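For reference, the structure is listed below as structure tokens.
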């Protein structure tokens, strides 16, 4: 379903194009309110997007989550958030916020850098965001708002509030399984089974993204590690907000770089 950045509710859903979860598979509409890597002094996008015109449109959202031990091991050890990362942090929050991305049906096509206000968050929301998005130590929230949030049609508070809420949910679904496989191999099917035990069909809304890490450890350089999880979400909430979880196969998004089995990094 395509919505304009300046949105009004659209009841003409193209549901035949997507398989959504049942009511038990929703994140409530009443929630409060590709891969990037750090290179030098800015977040660089590995995807090639389209420069948006006025009235930017998109089809759905990808909620991108980081596994911070793997991010830090991947040539980012000097970043502030990586220097601060502890085993206790990882145990409390195995999955952290990368960003909430408006996305088009065609893979690699998405709006970015839309006109919008500068980022401004309340001190309370910023403090909570720091807990779920460790990259705020290096300004990730500014980058994500400027590049993606401004194209969502949401105000900044709602954009980040929803990002936090989705991240809480995916940690509840997968956090324990990830911690149980720290420095061990696991298959995507095992993680999806764990997610489906949390909520029927939840595993189908996720894709797993792996790569060999670029850190000093030669063993890790030769293994695929899970560094990011992405979740497919419809833009069918109030004002075009992300709400209904989508099966990622219905929007032609799939796992990348993981092979039959992959590793989970630890602190």
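In my numbering, the protein residues as written are 148 to 414. Cβ atoms here follow ideal geometry from the backbone N, Cα and C, with glycine treated the same way. Fair warning: this is a prediction, and the values are worked out from it, not measured in the lab.
Taking the C-beta atoms as reference points, residue 355 is found no nearer than 8 Å to residue 341. Apart from sequence neighbours up to five positions away, the residues of its chain that approach residue 330 with a beta-carbon distance below 6 Å are 413, ordered along the chain. 368 is the residue among 368, 343, 391 and 378 whose C-alpha sits nearest the C-alpha of residue 221.
Inter-residue distance for residue 399 and residue 351 is about 12 Å (C-alpha atoms, whole angstroms).
By the Cβ rule, the segment 255 to 268 does not count as touching the segment 223 to 233, because fewer than three pairs are nearer than 8 Å. Residue 375: member of the beta strand (DSSP E) spanning 371 to 381, first to last residue. Proximity to residue 292 across 284, 278, 307 and 236 peaks at 307, based on C-alpha coordinates. If you draw a straight line from the Cα of residue 226 to the Cα of residue 285, it is about 7 Å long. Excluding its 5 nearest sequence neighbours in each direction, residue 260 has C-beta neighbours in its own chain below 6 Å: 294, listed in chain order.
Shown here for residue 362: same chain residues with a beta carbon closer than 6 Å to its own, the five before and five after excluded, namely 220 in chain order. Per DSSP, residue 403 lies in no beta strand (DSSP E) and is assigned neither H nor E. Under the three-state reduction of DSSP output, residue 391 falls in the strand class. Listed in chain order, the beta strand (DSSP E) elements of length 3 or more contained wholly in the segment 333 to 376 are 353 to 359.
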